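2 protein chains.
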Amino acid sequence: MPSLLTIGRIAKLAEVNIETVRYYERRGLLPAPPRTVSSYRLYGDQSVARLRFIKQAQALGFTLEEIGELLALRVDAETSCDVVRQRAERKMADVAEKIRSLQAIQGALAELIAACALGGPEGECPFLASLEKQPIVKETEQ
Amino acid sequence: MPSLLTIGRIAKLAEVNIETVRYYERRGLLPAPPRTVSSYRLYGDQSVARLRFIKQAQALGFTLEEIGELLALRVDAETSCDVVRQRAERKMADVAEKIRSLQAIQGALAELIAACALGGPEGECPFLASLEKQPIVKETEQ
DNA sequence: ATACACCCTGTACTATACTACAGAGTCAAG
DNA sequence: CTTGACTCTGTAGTATAGTACAGGGTGTAT
Chain A
1 MPSLLTIGRI
11 AKLAEVNIET
21 VRYYERRGLL
31 PAPPRTVSSY
41 RLYGDQSVAR
51 LRFIKQAQAL
61 GFTLEEIGEL
71 LALRVDAETS
81 CDVVRQRAER
91 KMADVAEKIR
101 SLQAIQGALA
111 ELIAACALGG
121 PEGECPFLAS
131 LEKQPIVKET
141 EQ
Chain B
1 MPSLLTIGRI
11 AKLAEVNIET
21 VRYYERRGLL
31 PAPPRTVSSY
41 RLYGDQSVAR
51 LRFIKQAQAL
61 GFTLEEIGEL
71 LALRVDAETS
81 CDVVRQRAER
91 KMADVAEKIR
101 SLQAIQGALA
111 ELIAACALGG
121 PEGECPFLAS
131 LEKQPIVKET
141 EQ
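Respectively, the protein sequence lines represent chains A and B. Taking this note's numbering as reference, the numbering of the first sequence is continuous, increasing by one, and the terminal residue is 142. Taking this note's numbering as reference, the numbering of the second sequence is continuous, increasing by one, and the terminal residue is 142.
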């Protein structure tokens, strides 16, 4: 029995502002829910999960636009399985990359903590070394 | 021999806008570099690494303020080892949490791809199930 | 000695993601 | 049947993180 919730209710449950819920609806991130005769929105509890997912994905550096793309990943009349799989695989690569970056930062923090334990106070920041990425950049002039 | 770079140079190397470099300086994320007699900024190449780190951390959902805190993690005259270690450990927890969230999303994407391979088209989005987090929320009224 | 690409400061504009009203209607309790 | 908490739409304001000039100086290649 999926309970019906007002906008104030889901906002509180998902720990977001009421206005944010309406904003996400405008942005197309939250489907427009059914209304009462007096135009009150009535949500099911999957909406709460959806709101939490959005918040969480944002904290991971996804923009609302990207989050919309993630949430839209489903097979339907307009979208074949193949297309969905391709998109999902691209997102997977993004996510894997983010995980790698976070692990690098984790490593740098561990190093910092370890160095601290040894009592050897530091000068330079270990983060800068933690990200040996595309160091090759072609210079067009001297 | 650490080469000396103008602002335009490091901006290009780090793939950011020149104005962004100056903005980070104002924000205190990038130390004010030495200047030539004619007030041109001259950077060493660690500045490029720093810019890249900032960009990367942003893509992981850290705000510039949080990035500043990360970059400030070092032992010096004002900050004891103990304090630095404590802060680093708190950041570690944040990072670990982010990694867990990303792994949940990764799992949901894998599920989606797998379901697709089985030819079973989907209705509901697997992400919503991927984040069984604080589901306990106390309600003060009925 | 002048053209062109570069740099300076300062201020103003932009995009994204909210957040806060104003003014009006709704609903439940006493 | 009214009071207080809630909801509605619409519009405007805010914070964060840039980005874009204007107006002026610099550096060097021809």
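Idealized CB from N, CA, C, for every residue including glycine. Quick caveat, the model's predicted, so the values are computed rather than measured.
{"Item": "One or two residues paired with residue 82 of chain A in a DSSP bridge", "Value": "DSSP output for residue 82 of chain A lists no bridge partner at all."}
{"Item": "Residue 69 of chain B versus residue 96 of chain B - alpha carbon distance", "Value": "17 angstroms"}
{"Item": "Contacts around residue 42 of chain A, its chain only, beta-carbon distance under 8 angstroms, and the 5 residues preceding and following it disregarded", "Value": "4, 5, 6, 33, 34, 35, 36"}
{"Item": "Proximity of residue 109 of chain B and residue 98 of chain A at Cβ, strictly below 7 angstroms", "Value": "no"}
{"Item": "Under 7 angstroms (Cβ pairs) to chain B, residues found in the stretch 63–87 of chain A", "Value": "70, 71, 73, 74, 75, 81, 84, 85"}
{"Item": "Three-way DSSP call (helix, strand, coil) for residue 40 of chain A in this model", "Value": "coil"}
{"Item": "Close Cβ partners of residue 94 of chain A (< 7 angstroms) along its chain, the five nearest in sequence each way excluded", "Value": "none"}
{"Item": "Within-7 angstroms CB hit, residue 18 of chain A to chain B", "Value": "no"}
{"Item": "Pick from A/78, A/73, A/77, A/21 that is closest to residue 87 of chain A, judged by C-alpha positions", "Value": "A/73"}
{"Item": "Contact under 7 angstroms by Cβ, residue 27 of chain B with residue 64 of chain B", "Value": "yes"}
{"Item": "Interface flag, residue 95 of chain B vs chain A, CB-CB below 7 angstroms", "Value": "yes"}
{"Item": "Backbone CA spacing between residue 67 of chain A and residue 127 of chain B [nearest angstrom]", "Value": "11 angstroms"}
{"Item": "Nearest-angstrom Cα separation, counted from residue 49 of chain B out to residue 112 of chain A", "Value": "18 angstroms"}
{"Item": "Beta-bridge pairing of residue 76 of chain A - partner residues as DSSP gives them", "Value": "A/79"}
{"Item": "Straight-line Cα distance separating residue 39 of chain B from residue 102 of chain B", "Value": "45 angstroms"}
{"Item": "N- and C-terminal bounds of the alpha helix (DSSP H) containing residue 52 of chain B", "Value": "46–59"}
{"Item": "Neighbour flag for residue 54 of chain A against chain B, beta carbons, 7 angstroms", "Value": "no"}
{"Item": "Other residues of its chain near residue 24 of chain B: CB distance less than 6 angstroms, five sequence neighbours each side excluded", "Value": "30"}
{"Item": "Any chain A beta carbon closer than 7 angstroms to residue 32 of chain B", "Value": "no"}
{"Item": "Same chain, Cβ closer than 6 angstroms to residue 11 of chain B, neighbours up to 5 away in sequence not counted", "Value": "18, 21"}
{"Item": "Contact with chain B by residue 99 of chain A, beta-carbon distance below 7 angstroms", "Value": "yes"}
{"Item": "Residue from B/116, B/9, B/47 with nearest C-alpha to residue 80 of chain A", "Value": "B/116"}
{"Item": "Euclidean distance between Cα positions of residue 75 of chain B and residue 71 of chain A", "Value": "43 angstroms"}
{"Item": "Residue 10 of chain B at chain A interface by Cβ criterion, 7 angstroms", "Value": "no"}
{"Item": "Local conformation of residue 4 of chain B per DSSP, three classes", "Value": "coil"}
{"Item": "Beta-carbon gap between residue 51 of chain B and residue 16 of chain B smaller than 7 angstroms", "Value": "yes"}
{"Item": "Per-residue burial, residue 57 of chain B [other beta carbons within 10 Å of its own, 16 or more giving buried]", "Value": "buried"}
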